[in-house]
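Contents: one structure, followed by commentary.
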Amino acid sequence: MKLLLTGFGPYGAVEVNPSEQVVRRIAERAQRRGSDDLITEILPTEFVSAGQRIRSLIRKFRPAAVLCLGVAPKRDKISLERAALNLDDEALPDNAGRVRKGRQIVRGGPVAYWSTLPLERIRKRLEKRGIPVSYSNHAGTYLCNHVFYIACHEMQRKGHRSRCGFVHVPPLRQRGKKAQPRGLPLGKMVEAVECCLEVLRKR
3 MKLLLTGFGP YGAVEVNPSE QVVRRIAERA QRRGSDDLIT EILPTEFVSA
53 GQRIRSLIRK FRPAAVLCLG VAPKRDKISL ERAALNLDDE ALPDNAGRVR
103 KGRQIVRGGP VAYWSTLPLE RIRKRLEKRG IPVSYSNHAG TYLCNHVFYI
153 ACHEMQRKGH RSRCGFVHVP PLRQRGKKAQ PRGLPLGKMV EAVECCLEVL
203 RKR
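Quick note: the sequence shown uses our numbering, first residue 3, plus one each step.
As structure tokens, then:
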């Protein structure tokens, strides 16, 4: 069973993207264990490139499950996203300087795709570990949602029965000069995502 785990790099005012740090930490642990079932990727924080890359990864590896991560700067919990919308609508430019306002991601595509992750099982597992978690009805209208929608659409179009979903992590809680009281420590976010992967491995 192949699992695909993705995150994003910095963008806008987000100088350190915890989704990237989580993916890299989990990749390092998998490498030390000699695990070969996990594919990890840091996606470019650009609409066109990120969309192309997630499609390419799905076509190349045909993973049994895709778990995409991103950061939600104003949240303080792990957010399990219920749906991806066929909409790009954000004034903030991507890292290529592109702004997308009120545009369909896939012209004529479904209005939305539901996450096919076992969200209830994941939520219970995280709560059992004492990790703050909540549901979110959709993944926004910026790059996180863009990649989530394209991943779902690619799987639907190719007839893959793979699971696909998106999880937002909060900011990285920091102390000292750049104090960030909101959010979670990196270790707790890594634990949360590894819990998600454990659930997916059990199908």
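Glycine residues also receive a C-beta, built at the ideal position from the N, C-alpha and C atoms.
Predicted, not measured: the structure shown is a model, and the values here were computed from it.
Inset, instruction - Leaving aside the five residues before and after K190 along the sequence, list all residues of the same chain whose C-beta is less than 8 Å from its C-beta, in chain order. - result: Numbered from 1 along the sequence shown, position 188 holds the residue referred to as residue 190. Excluding five sequence positions before and after K190, the CB atoms of its chain that fall closer than 8 Å to its own CB belong to I133, given in chain order.
Inset, instruction - Verify whether the separation of the beta carbon atoms of R55 and L45 is less than 8 Å. - result: The sequence position of residue 55 within the sequence shown is 53, counting from 1. The sequence position of residue 45 within the sequence shown is 43, counting from 1. Yes. Within cutoff.
Inset, instruction - Identify which residue in P172, R125, Q176, I107 has its Cα closest to the Cα of F150. - result: Within the sequence shown, residue 150 is the residue found at index 148, counting from 1. Considering only alpha carbons, the answer is I107.
Inset, instruction - Kindly indicate which residue of L5, A114, L89, V50 has the alpha-carbon position closest to the one of S37. - result: Here the question's residue 37 lines up with position 35 in the sequence shown. For the options L5, A114, L89, V50, the alpha carbon positioned closest to that of S37 is the one of L5.
Legend entry - Terminal residues of the beta strand (DSSP E) in which V171 lies: In the sequence shown, residue 171 corresponds to position 169, counting from 1. 165-171 is the span of the beta strand (DSSP E), which, as asked, contains V171.
Inset, instruction - Can you check DSSP and say which residues form a bridge with A67? - result: Locating residue 67 in the sequence shown gives position 65, where the first residue counts as 1. In DSSP, A67 forms a bridge with L5, R165.
Legend entry - Where the alpha helix (DSSP H) containing K160 begins and where it ends: Translated into positions along the sequence shown, residue 160 becomes position 158. Residue range 145-160 is occupied by the alpha helix (DSSP H) that includes K160.
Inset, instruction - Just tell me which of A74, L186, G9 has its CA closest to the CA of H170. - result: The sequence position of residue 170 within the sequence shown is 168, counting from 1. Measuring from the Cα of H170, the nearest candidate turns out to be A74.
Legend entry - Straight-line gap, R165 to T118 (C-alpha atoms, nearest Å): Position 163 of the sequence shown, counted from the first residue, corresponds to residue 165. Position 116 of the sequence shown, counted from the first residue, corresponds to residue 118. R165 and T118: Cα-Cα distance of roughly 5 Å.
Legend entry - Cut-off 7 Å between Cβ atoms - residues of its own chain near H148, not counting five sequence neighbours on either side: Here residue 148 is taken as the residue at index 146 of the sequence shown, counted from 1. Apart from sequence neighbours up to five positions away, the residues of its chain that approach H148 with a beta-carbon distance below 7 Å are F49, A52, G53, D90, I107, ordered along the chain.
Inset, instruction - Evaluate R102 with the Cβ neighbour count: other Cβ atoms within 10 Å of its Cβ, from every protein chain shown; 16 or more gives buried, anything less gives exposed. - result: Taking the sequence shown and counting its residues from 1, the one referred to as residue 102 is at position 100. Note on R102: 16 or more other CB atoms within 10 angstroms of its CB, so buried under the neighbour-count rule.
Legend entry - Strand pairing of Q33, partner residues [DSSP]: By one-based count along the sequence shown, residue 33 stands at place 31. Residue pairing for Q33: DSSP places it in no beta bridge.
Inset, instruction - Assign K179 to buried or exposed, taking buried as 16 or more other Cβ atoms, counted over all protein chains shown, within 10 Å of its Cβ. - result: What you label residue 179 is simply residue 177 of the sequence shown in a count that begins at 1. At K179 the pLDDT is 47, less than 50, meaning the model places this residue with poor confidence; the figure from the coordinates comes in the next sentence. It is exposed - the Cβ of K179 has fewer than 16 other Cβ atoms within 10 Å.
Inset, instruction - Rounded to whole angstroms, what's the CA-CA distance from G142 to A86? Just pull it up for me. - result: Mapped onto the sequence shown, residue 142 falls at position 140. Mapped onto the sequence shown, residue 86 falls at position 84. One C-alpha to the other measures close to 8 Å.
Inset, instruction - Return the CA-CA distance between S138 and K62, expressed in angstroms with no decimal places. - result: Against the sequence shown, residue 138 aligns to sequence position 136. Against the sequence shown, residue 62 aligns to sequence position 60. Straight-line Cα distance between these residues: approximately 30 Å.
Inset, instruction - Take Y13 as the anchor and find which of G167, C146, R184, R203 has the nearest alpha-carbon. - result: Locating residue 13 in the sequence shown gives position 11, counting from the first residue. Ranking G167, C146, R184, R203 by Cα distance to Y13 puts C146 first.
Inset, instruction - Name the residue from L199, R184, R109, L174 whose alpha carbon lies nearest to the alpha carbon of G167. - result: Looking up residue 167 in the sequence shown gives position 165. Restricting attention to L199, R184, R109, L174, the CA atom closest to the CA of G167 is found in L199.
Legend entry - Inter-residue Cα distance where the pair is N19 and G161: As a first step, residue 19 is located in the sequence shown; it is residue number 17 there, counting from the start. As a first step, residue 161 is located in the sequence shown; it is residue number 159 there, counting from the start. Rounded to the nearest angstrom, the two C-alpha atoms are 32 Å apart.
Legend entry - D78 vs G185 beta-carbon contact at 8 Å: Translated into the one-based positions of the sequence shown, residue 78 becomes position 76. Translated into the one-based positions of the sequence shown, residue 185 becomes position 183. With respect to G185, D78 sits close: the two C-beta atoms are nearer than 8 Å.
Legend entry - Beta carbon of L8 nearer than 8 Å to that of E30: As a position in the sequence shown, residue 8 is number 6, starting the count at 1. As a position in the sequence shown, residue 30 is number 28, starting the count at 1. Looking at the sequence provided, one finds Thr at residue 8 rather than Leu. Against a cut-off of 8 Å, the Cβ pair of E30 and T8 comes out as no contact.
Legend entry - G99 versus P173: straight-line alpha-carbon distance, rounded: Reading the sequence shown from its first residue, position 97 is the one you call residue 99. Reading the sequence shown from its first residue, position 171 is the one you call residue 173. For the pair G99 and P173, the Cα-to-Cα distance works out to about 23 Å.
Legend entry - Beta-carbon proximity of R84 to H155, cut-off 8 Å: Reading the sequence shown from its first residue, position 82 is the one you call residue 84. Reading the sequence shown from its first residue, position 153 is the one you call residue 155. Cβ atoms of R84 and H155: not closer than 8 Å.
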